[in-house]
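Inspection log for the structure reproduced underneath, given as structure tokens.
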Amino acid sequence: MDRDEYIEAVLRAVESIPPGSVATYGDIAEYVGQGGPRQVGAIMREYGGSVPWWRVIRASGVPADEVGDEQLHNLRSDGVRVTNGRVNLRAVRWDPEPSHTEH
12 MDRDEYIEAV
22 LRAVESIPPG
32 SVATYGDIAE
42 YVGQGGPRQV
52 GAIMREYGGS
62 VPWWRVIRAS
72 GVPADEVGDE
82 QLHNLRSDGV
92 RVTNGRVNLR
102 AVRWDPEPSH
112 TEH
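Taking this note's numbering, the leading residue of the sequence shown gets 12, the next gets one more, and so forth.
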């Protein structure tokens, strides 16, 4: 898939995360079947404003520094429990069906 297709696939995957769930950057890369957490993070920084970006979080369960307060606020609004600035991934990690994207 070319760059534009990859960007679209990442954004579609993020749109698929339901309220009350989160995914890691690596989860999104795995779901799309290409790239890794850093590539997904770069796409989210540049193009993520049109999708529920706050549902994508670091593998540690801690939000990105530059958007942390806003991300935690949005997650709480979605019904995600946040304890000490951290999301319990075991409790709310998105479990998608196998990828439907084209490789």
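From the three backbone atoms N, C-alpha and C, an ideal C-beta is built for every residue, glycine too.
Based on the DSSP secondary-structure assignment, which residues constitute the bridge partners of residue i?
i   : result
R97 : T94
R5  : Residue 5 lies beyond the range of the chain shown here (12 to 114); nothing can be said about it.
Near residue i, what residues of its chain come up, given a Cβ to Cβ distance below 7 Å and the 5 sequence neighbours on each side ignored?
i   : result
V98 : V33, I68, G72, L86, V91
Y58 : I18, L22
P30 : D89, G90
Apart from the five residues on each side of it in sequence, which residues of its chain come closer than 6 Å, Cβ to Cβ, to residue i?
i    : result
A102 : none
W105 : I28, S32, A34
W64  : M55
V51  : V21, Y36, I39, A40
R66  : I28, V33
I need the boundaries of the alpha helix (DSSP H) containing residue i, first residue and last residue.
i   : result
E57 : 48-58
S88 : 79-88
I18 : 14-27
Closest by CA to residue i, which one among the options?
i   : options             : result
G96 : V25, E81, E108      : E81
S7  : E16, M12, E26, E108 : Because the chain is modelled from 12 through 114, residue 7 falls outside the range shown and cannot be assessed.
R14 : E77, D76, G46       : G46
Y42 : A70, A24, A75       : A24
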